[in-house]
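**Student:** Protein chains in written order, with the working numbering: chain H, 8 to 292; chain P, 1046 to 1306.
A virtual CB, placed ideally from N, CA and C, is assigned to each residue, including glycine.
#1: If we count the other Cβ atoms within 10 Å of its Cβ and call it buried at 16 or more, is residue 290 of chain H buried or exposed?
#2: Given a cut-off of 8 Å, decide if residue 1153 of chain P and residue 173 of chain H are closer than it, judged by their beta-carbon atoms.
#3: List the residues of chain H whose Cβ lies closer than 8 Å to the Cβ of residue 1124 of chain P, in chain order.
#4: Return the first residue and the last residue of the alpha helix (DSSP H) that residue 123 of chain H is part of.
#5: Considering just the uninterrupted stretch of the beta strand (DSSP E) at residue 1206 of chain P, what are its terminal residues?
#6: Can you look up residue 179 of chain H in the DSSP assignment and give me helix, strand or coil?
#7: Under 9 Å Cβ-Cβ, which residues of chain H neighbour residue 1212 of chain P?
#8: Closest to residue 125 of chain H by CA distance: which of H:145, H:67 and H:178 is it?
#9: Taking Cβ to Cβ, would you say residue 90 of chain H is nearer than 8 Å to residue 64 of chain H?
#10: For the region 231 to 249 of chain H, enumerate the residues whose C-beta is nearer than 8 Å to any C-beta of chain P, in chain order.
#11: Looking only at C-alpha atoms, which of P:1252, P:1262, P:1117 and P:1259 sits nearest to residue 1268 of chain P?
#12: Might you give, ordered along the chain, the residues of its own chain that have their beta carbon closer than 6 Å to the beta carbon of residue 273 of chain H, omitting 5 neighbours on each side?
#13: Pick out whichever of P:1058, P:1187 and P:1191 has its Cα sitting closest to the Cα of residue 1118 of chain P.
#14: In terms of DSSP beta bridges, what is residue 1059 of chain P paired with?
#15: Should residue 231 of chain H go down as buried or exposed, given a rule of 16 or more other Cβ atoms within 10 Å for buried?
#16: Between residue 176 of chain H and chain P, is any beta-carbon pair separated by less than 8 Å?
#17: Of all Cβ atoms in chain P, is any one closer than 8 Å to the Cβ of residue 50 of chain H?
#18: Closer than 7 Å to a non-hydrogen atom of the ligand SAM - does that hold for the CB of residue 1269 of chain P?
#19: Please list, in chain order, all residues of the same chain as residue 1283 of chain P whose beta carbon is under 7 Å from its beta carbon, the five residues on each side excluded.
#20: Could you pull the DSSP bridge partners for residue 1083 of chain P from this structure?
#21: Residue 187 of chain H and residue 1102 of chain P look like a contact to me (Cβ under 8 Å); what is the Cβ gap, rounded to whole Å?
#22: Pull out every residue of the region 1168 to 1199 of chain P whose Cβ sits closer than 8 Å to any Cβ of chain H, in chain order.
#23: Please classify residue 1228 of chain P as buried or exposed, where buried requires at least 16 other C-beta atoms within 10 Å of its C-beta.
#24: Between the alpha carbons of residue 242 of chain H and residue 51 of chain H, how many angstroms are there, rounded?
#25: Nearest by alpha-carbon distance to residue 1160 of chain P: which of P:1145, P:1216, P:1266 and P:1177 is it?
#26: Would you check if the distance between the CB atom of residue 1108 of chain P and the CB atom of residue 1063 of chain P is smaller than 8 Å?
#27: Output yes if chain H places a C-beta closer than 8 Å to the C-beta of residue 1246 of chain P; else output no.
#28: Nearest to residue 1194 of chain P by CA position, among P:1249, P:1263, P:1061 and P:1138, is which residue?
#29: Taking all protein chains shown into account, do 16 or more other C-beta atoms lie within 10 angstroms of the C-beta of residue 1053 of chain P, making it buried, or fewer, making it exposed?
#30: Cutting at 7 Å between CB atoms, please list the residues of its own chain near residue 206 of chain H, excluding the five before and the five after it.
#31: List the residues of chain P whose Cβ lies closer than 8 Å to the Cβ of residue 173 of chain H, in chain order.
#32: Assuming the contact rule is C-beta atoms closer than 8 Å, residue 1086 of chain P and residue 1259 of chain P should be a hit. Round their C-beta distance to whole Å, please.
#33: Is the number of C-beta pairs between the region 1235 to 1242 of chain P and the region 1207 to 1215 of chain P that are closer than 8 Å three or more?
#34: For residue 1136 of chain P and chain H, any beta-carbon pair shorter than 8 Å?
#35: Smallest Cα separation from residue 1307 of chain P: which of P:1222, P:1201 and P:1071?
#36: For residue 138 of chain H, name the three-state secondary structure that DSSP assigns.
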């Protein structure tokens, strides 16, 4: 299902600007902007610290929280955040203490979390969890509450990252050396992973579980190639995410496609284009 | 074991036992390093040389015994006063980081929030000292291995360390760069203690003031004379013939029945 049916499928004359008079469209654009900032900052840390599979683990296991939330009757978003918090703390601990086991544990948490969510959803009387919108995103159903949560996370990230930039850089680049400088690496590790897990859960709203890792990792992968600093990578990733999100929304609107998928396809095309361009350049040298 | 310690000492190991993942690495290690020593640590791979460095840095904590630095401090309290150059200069090669950023890391301490002008000036100085200031804005991945090594040394120096710890710094560096490095270390040694892990015999004969052989335990020798039994203790029961670069110097353990060489 690409759009809520009935709306404007019969009126293709409406332009993008006119589309913005709709509340949900405005919210969608604001959500895209906030999500880009979150993805830019968090995605950079995820990619440079090689935490991509852990982010995937958090995303999938968070569905357990949604299932439980529906069964016990509280907000699914809160359930997802709570479950993500618990599973990410556990994974932070594992990646610190037993690095070689990390991969296996992450895969287990990945699957078990998802399974728990499905079972609780089965047990819930009535319609149950909207699995489809969790899997594929529902940017057009973004609520004011979602905007506020994302805004809050953006504020926290914008305060935390520049303040402790030196420590973050040292921790990401050379963890052992960071310890010798008296940097509280363990605390930083947990803080970073908790922030990543919250970011992942909030971004799932935009592009869905299936594609959240792509949105988190494609812009930084592109940026890493030609940025000289972590800060530069964060800013570039944010701008790239913004371009992908907004153009993805426009393309989806024009051709009546799922917005999340459109965003990721545009991102992927850009990624392959830069890959080809840099290989060409390397070949010429 | 009661240690007669020449005070003031810079490093003190008192009956230290250390195991990693339940397998013992170091047993009953006791020695003291006086100020401004140029200590070279030799020994077979896996014998505990890097572990020894990490115990000094406070990255590992001994299960038994104690490590004290700079006249009585615990390593975790004063690790920022140590300069550390790790063995592998090639970690995280793809990471987007400039040479100047890496050197500035040496000015970090705890949760200090920003770099001062003084910090940046000292970073500049350290880079100049290692001859890398023209690469200040280059990415680490653009440098050669030897250049990266020099940046890591600058990073260790910028924190004005009281003790400098180097883990096999010349493992993959050419002879000329080695000599430059050792000369620089000798110069620094006038003011600070140097601890160097190396397989390179030249550095022992030409620069060291003490040698520690590490192989499960530590044999500390107060001079830079390498004896055959020292090598036997350090490298095992097979006699070893070593050839040093630069200065023609052969250390040969004699077999029974060998002619004089």
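**Tutor:** Looking at the coordinates:
#1: exposed
#2: yes
#3: 186, 187, 188 and 189
#4: 106 to 130
#5: Residue 1206 of chain P -> no beta strand (DSSP E), and no H or E assigned at all.
#6: helix
#7: Per Cβ cutoff of 9 Å: no residues; residue 1212 of chain P is ~11 Å from chain H at best.
#8: H:67
#9: no
#10: 231, 234, 235, 236, 237, 239 and 240
#11: P:1252
#12: 251, 254 and 255
#13: P:1058
#14: P:1111
#15: buried
#16: yes
#17: no
#18: This structure lacks the ligand SAM; in fact it carries no ligand of any kind.
#19: For residue 1283 of chain P, the predicted structure reports a pLDDT of 42, less than 50, and the residue's modelled location is therefore unreliable. The matter cannot be settled from this model.
#20: P:1239
#21: 5 Å
#22: 1182 and 1184
#23: exposed
#24: 9 Å
#25: P:1145
#26: yes
#27: no
#28: P:1138
#29: exposed
#30: 45, 49 and 160
#31: 1149, 1150, 1153, 1157, 1158, 1159 and 1160
#32: 6 Å
#33: yes
#34: yes
#35: The shown model of chain P, from 1046 to 1306, leaves out residue 1307 of chain P, and the question about it has no answer.
#36: helix
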